[in-house]
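Sequential numbering from 19 applies to the sequence shown in the working numbering.
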Amino acid sequence: MSRARRHPHRYHKTNTSFGQVWSCALPDCNHYMPRHMVGMLPGKQAQCNECDNIYILTYEKMKSDEPICDECETNREMRLRALNERKEAKQNSSDEVNIDEILKSIR
Ligand SMILES: [Zn+2]
Ligand SMILES: [Zn+2]
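This is the structure in structure tokens:
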């Protein structure tokens, strides 16, 4: 009757009574990687914590508690960059806005 569904686990870091472990976030899965076996994770398939894509785990990705696929990393980077650019644009424009100048030009 044991019908363990095979899937790339949705690895994320969780706190348990025996420390932090990488476990599967899917509701019907109670898989986790024993701490002495964490070295086996890089190179394994995993499900993205953001978009459900399948990606390959790397040491670099495992620096995050909730690793995401390359596509989501790129998207996140682009969103951050756009946000920063907007912030910079706002700062620049507020520097340039001079209320006296505007009032003068209206008169
Ligand atoms: Zn799983
Ligand atoms: Zn993704």
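Built from N, CA and C at the ideal position, the CB exists for glycine as well.
Given that a residue counts as buried once 16 or more other Cβ atoms are within 10 Å of its Cβ, and exposed if not, what is residue i?
| i | result |
| --- | --- |
| H27 | buried |
| Q63 | exposed |
| K108 | exposed |
| C87 | buried |
| K79 | buried |
| C42 | buried |
| P85 | buried |
On the DSSP bridge list, what partners appear for residue i?
| i | result |
| --- | --- |
| S41 | H30 and Y50 |
| Y73 | A64 |
Please determine, among the options, the residue with the shortest C-alpha to C-alpha distance to residue i.
| i | options | result |
| --- | --- | --- |
| C47 | E106, R24 and C87 | R24 |
| C90 | C66, R53 and E106 | C66 |
| G57 | I117, T76 and L121 | T76 |
| R53 | D70, S35, N110 and E106 | S35 |
Just checking: is the beta-carbon of residue i within a distance shorter than 9 Å of some beta-carbon in chain C?
| i | result |
| --- | --- |
| P26 | This model lacks chain C altogether; it includes just one protein chain. |
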